[in-house]
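Here the structure is laid out as structure tokens; the discussion comes afterwards.
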Amino acid sequence: MMTSAVNHYFGSSIGRKQLVAVSGLLLCGFLVSHLLGNLLLLAGPDAFNLYSYKLFALGPLLYVIEAVLALIFLVHMYLAVRITVENKRAAGKYAVKKRTGRGATLMSVTMPYTGLVLLVFLILHLINLKFGTMYTTTVDGIEMRDIYKTTMEYFANPVSVAWYCVAMFCAAFHTAHGFSSAFHTIGWNHPKYYGKIKIIGYLYAILIGGGFAFVSVWAYLRGV
Amino acid sequence: MASTENMALNLKIWRQKNCSSEGKLVDYRVENVSPEQSFLEMIDVLNEQLVRKGEDPIAFDHDCREGICGMCSMVIDGKAHGGFKNTTTCQVHMRLYKDGDTIVIEPFRASAFPVIKDLTVDRTSIDKVMAAGGYVSANTGNAPDGNAIPIPKPVADEAMDAAACIGCGACVASCPNGSGMLFMSAKISQLALLPQGKPEAPRRALNMVYTHDSLGFGNCSTHGECEATCPKGISIEHISRTNREYVKAAFTYHEKKNAGGAS
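Protein chains in written order, with the numbering used here: chain A, -9 to 214; chain B, 69 to 331.
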């Protein structure tokens, strides 16, 4: 029988789900800060480039932050994949398709697939933008990377914008279930407030997905 | 539409000789099904026909036939217990179907529920989870005074709602992940809410979750199919309470080896 506890937590169904939930909520927080940064595109090249410059001015601290962020991503993905494989194995194989939809939603059953799209998106996104073409510019006499130009060039291509919007739709779909589900998994499902958490989750999904997509379309319409 | 006249039905029923053989859906036709009959009585009638013809009758689990024992276990048209609100298979009546309907009947499926024969599955895994901690080790003695242990009415009600679980396994059969969380959480939640269950709450949570995981049940993805299917209307909130109980136990509960005291 199981009585030693902490080491079991990380191997248990609930422990791993809670790690996926917490890492997912942290990633939700990251998306908010990322979107706020993206909105600086609307304020013009200088504002956006200065924002990027100030981030890089953090120096080693930025690397620590990036490493932590990467770790959160890896924990979230690794455990989600493992759990999904386990779930597929545990699920009953019905001869005639089982009818779901009385509780499960299209959002909840597509979590692994939207997650996979987001993983592909993340890799391409890093290649195209973070490690994309390096331009330099000078703002207030300081030489810095012209990330504004890289971004606007990327969004000048309608295919990029379309793919970006598809990925952001997946992000909205993923978080629409993930946000409230994470609270449930952590143990914060109570009739007093869970309904509100669900509404906040849907609003979050629409604002984040819509916000990113809006910026990309705006950039496309504005042109290089 | 509710039928009032006798009907003829086409059935597609899962036939499987034993746990190691391949099964398949077999077509049957039953005539003269009364709308007054229960679903299980309809299968009884079919079985009588099969026996008369010298064929092997369809094996299916059933016992009380009044919705409280949790034995009946069928997935009817893709839904555990037929998918009617708060209803077990035995409480499904044929008036809900109409003449000429085709009904597909499969066993409860999950890797934790191997098929024994036809529609009968082995649900011992559920008993194993229960045996790992779904009890209170109290010397019951005489019945205590009614109000000797004060329990607020809303708490007692919630514990009672969780206690309504009959352990049928419909939550597992309907879960896209074959998870036994709803069943397990009903017991953990019920006992964690009550003073009688509190002393053993951390141990119970740890042992039941450990056993649940090791028996091949899946993980909870908060789909909510289980609570929609549950014939006793057990809420998914109990899973959330279980998660709270479990994390609390995992990080605070410690049992000394060779602890003293009477045993």
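Built from N, CA and C at the ideal position, the CB exists for glycine as well.
Q: With DSSP collapsed to three states, give me the class of M(-8)/A.
A: Along the first sequence, one-based indexing puts residue -8/A at 2. At M(-8)/A, the pLDDT of 48 sits below 50, so the modelled position is not reliable and the matter cannot be decided from this model.
(Q) Can you check which of these residues, Q105/B, R191/B, V113/B, is closest to R97/B by C-alpha distance? (A) As a first step, residue 97/B must be located in the second sequence, where it is residue number 29. Check the Cα spacing between R97/B and each of Q105/B, R191/B, V113/B: the tightest is with V113/B.
Q | Start-to-end residues for the beta strand (DSSP E) that takes in W82/B | A | Translated into the one-based positions of the second sequence, residue 82/B becomes position 14. It spans 75 to 83 - the beta strand (DSSP E) in which W82/B sits, taken as one unbroken run.
Q.
Tell me the residue span of the beta strand (DSSP E) that contains M142/B.
A. Position 74 of the second sequence holds residue 142/B. For M142/B, the enclosing beta strand (DSSP E) starts and ends at 142 to 144.
Q: Report the option in D229/B, H322/B, Q258/B, G150/B whose CA atom is closest to the CA atom of S106/B.
A: Here the question's residue 106/B lines up with position 38 in the second sequence. Nearest of D229/B, H322/B, Q258/B, G150/B to S106/B, Cα basis: G150/B.
Q. Are the segment 86 to 95 of chain B and the segment 141 to 157 of chain B touching, with three or more C-beta to C-beta distances below 8 Å?
A. Contact annotation: the segment 86 to 95 of chain B does not touch the segment 141 to 157 of chain B, with fewer than three C-beta pairs closer than 8 Å.
Q: Work out the CA separation of M134/A and T215/A for me, nearest whole Å.
A: As shown, chain A starts at -9 and ends at 214. That puts residue 215/A outside it, with no answer to give.
Q: Step through the CB atoms of chain E and report whether any lies within less than 8 Å of the CB of L93/B.
A: Judged by its chain identifiers, the structure shown contains no chain E, and its protein chains are A and B.
Q. For H306/B, which residues of its own chain have a beta-carbon under 6 Å away from its beta-carbon, when the five flanking residues on both sides are left out?
A. Taking the second sequence and counting its residues from 1, one reaches residue 306/B at position 238. Within the same chain, H306/B has close Cβ partners A230, S253, A254, S257.
(Q) Is there a Cβ of chain B sitting closer than 8 Å to that of T165/A, yes or no? (A) Start at 1 with the first residue of the first sequence, and residue 165/A comes out as number 175. It does not: the Cβ of T165/A has no partner Cβ on chain B nearer than 8 Å.
Q. Using a Cβ cut-off of 7 Å, which residues of the segment 71 to 87 of chain A contact any Cβ in chain B, in chain order?
A. Taking 7 Å as the Cβ-Cβ cut-off against chain B, the residues of the segment 71 to 87 of chain A that qualify are I73, E76, N77, R79, A80, A81, G82, K83, Y84, A85, V86, K87.
Q. Residues of chain A with CB under 9 Å from V315/B, in chain order?
A. Residue mapping note: residue 315/B aligns to position 247 of the second sequence, counting from 1. Those within 9 Å of V315/B in chain A are Y(-1), I4, G5, Q8, I176, G177.
Q) What residue from E295/B, K325/B, C298/B, A260/B has the CA that sits closest to N311/B's CA? A) In the second sequence, residue 311/B corresponds to position 243, counting from 1. For N311/B, the nearest C-alpha among the options comes from A260/B.
Q: Would you list the one or two residues that DSSP bridges to A148/B?
A: Residue 148/B sits at position 80 when you count from the first residue of the second sequence. The partner list for A148/B (beta bridge, DSSP) reads V143/B.
Q | Interfacial residues, the segment 158 to 183 of chain B to chain A, with Cβ spacing under 9 Å | A | Against chain A - using a Cβ distance shorter than 9 Å - the residues of the segment 158 to 183 of chain B are V172, E174, P175, F176, R177, A178, S179, A180, F181.
Q. Does the separation of the CB atoms of V214/A and A162/A fall below 8 Å?
A. Position 224 of the first sequence holds residue 214/A. Position 172 of the first sequence holds residue 162/A. Contact flag unset, no.
Q. Listing by chain order, which chain A residues have their CB less than 9 Å from the CB of F285/B?
A. The count along the second sequence starts at 1 and reaches residue 285/B at position 217. Ordered by position in chain A, the residues that pass the 9 Å Cβ test against F285/B are S3, A80.
(Q) Using only the alpha-carbon positions, how far apart do S242/B and L32/A sit? (A) The residue you call residue 242/B lines up with position 174 of the second sequence. The residue you call residue 32/A lines up with position 42 of the first sequence. Approximately 48 Å, taken between the alpha carbons.
(Q) Check for me: the alpha helix (DSSP H) holding K88/A runs from which residue to which? (A) Looking up residue 88/A in the first sequence gives position 98. For K88/A, there is no enclosing alpha helix (DSSP H), as DSSP marks it with neither H nor E.
**Q.** Helix, strand or coil at A47/A [DSSP, three-state]
**A.** On the first sequence, residue 47/A is found 57 positions in, with the first residue counted as 1. The answer is coil: DSSP assigns A47/A none of H, G, I, E or B.
Q) Is there at least one Cβ from chain A nearer than 8 Å to P244/B's Cβ? A) By one-based count along the second sequence, residue 244/B stands at place 176. Judged by the 8 Å Cβ criterion, P244/B is in contact with chain A.
Q: Drop a sphere of 10 angstroms on the beta-carbon of G131/A, count the other beta-carbons inside from all chains shown, and report buried for 16 or more, exposed for fewer.
A: Locating residue 131/A in the first sequence gives position 141, where the first residue counts as 1. Burial call: exposed.
Q.
Based on DSSP bridge pairs, tell me the residues matched to P175/B.
A. What you label residue 175/B is simply residue 107 of the second sequence in a count that begins at 1. The bridge partners DSSP lists for P175/B are M142/B.
Q) How is the alpha helix (DSSP H) around I304/B delimited, first residue to last? A) As a position in the second sequence, residue 304/B is number 236, starting the count at 1. Element bounds for I304/B: n/a, residue is neither H nor E.
Q) Taking M142/B as the reference, which of N78/B, S303/B, V160/B has the closest Cα? A) Sequence index remark: in the second sequence, residue 142/B carries index 74 (1-based). Of the candidates N78/B, S303/B, V160/B, V160/B places its Cα closest to the Cα of M142/B.
**Q.** Per-residue DSSP class, three states only, for S102/B
**A.** Residue 102/B sits at position 34 when you count from the first residue of the second sequence. Assignment of S102/B by DSSP, reduced to helix, strand and coil, places it in the coil class.
**Q.** Proximity test, Cβ basis, 8 Å: V99/A and chain B
**A.** On the first sequence, position 109 is the one that residue 99/A refers to. Taking Cβ atoms only, chain B reaches closer than 8 Å to V99/A, which makes this a yes.
Q.
Nearest by alpha-carbon distance to L15/A: which of M142/A, I187/A, L96/A is it?
A. Walking along the first sequence from the start, residue 15/A turns up at place 25. A check of alpha carbon separations from L15/A across M142/A, I187/A, L96/A identifies I187/A as the nearest.
Q: Please compile the residues from chain B whose C-beta is within a distance smaller than 8 Å of the C-beta of S171/A.
A: Numbered from its first residue, the first sequence carries residue 171/A at position 181. Result: S289, T290.
**Q.** Those residues which DSSP pairs with V134/A across a bridge
**A.** As a first step, residue 134/A is located in the first sequence; it is residue number 144 there, counting from the start. Per the sequence shown, residue 134/A should be read as Met rather than Val. Bridge partners of M134/A according to DSSP: T127/A.
Q. Using a Cβ-Cβ cut-off of 6 Å (strictly less than) and excluding sequence neighbours within five positions of S331/B, which residues of its own chain qualify?
A. On the second sequence, position 263 is the one that residue 331/B refers to. The predicted position of S331/B is uncertain, since its pLDDT is 49 and thus under 50; a value taken from the coordinates is nonetheless stated next. Same-chain partners within the cutoff: there are none.
Q) So V214/A is in the beta strand (DSSP E); what residue range does that whole segment cover? A) Mapped onto the first sequence, residue 214/A falls at position 224. Counting along the chain, V214/A sits inside no beta strand (DSSP E), nor does DSSP assign it H or E at all.
Q) Would the beta-carbon of H95/A fall within 8 Å of that of H24/A? A) By 1-based counting over the first sequence, the position of residue 95/A is 105. By 1-based counting over the first sequence, the position of residue 24/A is 34. Here the sequence assigns Thr to residue 95/A, which means His is not the residue at that position. One thing to note: T95/A has its Cβ no nearer than 8 Å to the Cβ of H24/A.
Q. Candidates K87/A, L211/A, V156/A: which alpha carbon is nearest G199/A's?
A. If you number the first sequence from 1, residue 199/A lands on position 209. Comparing Cα positions, the closest option is V156/A.
Q) Hey, G235/B and I302/B: beta-carbon distance below 8 Å or not? A) As a position in the second sequence, residue 235/B is number 167, starting the count at 1. As a position in the second sequence, residue 302/B is number 234, starting the count at 1. No, they are not a contact pair.
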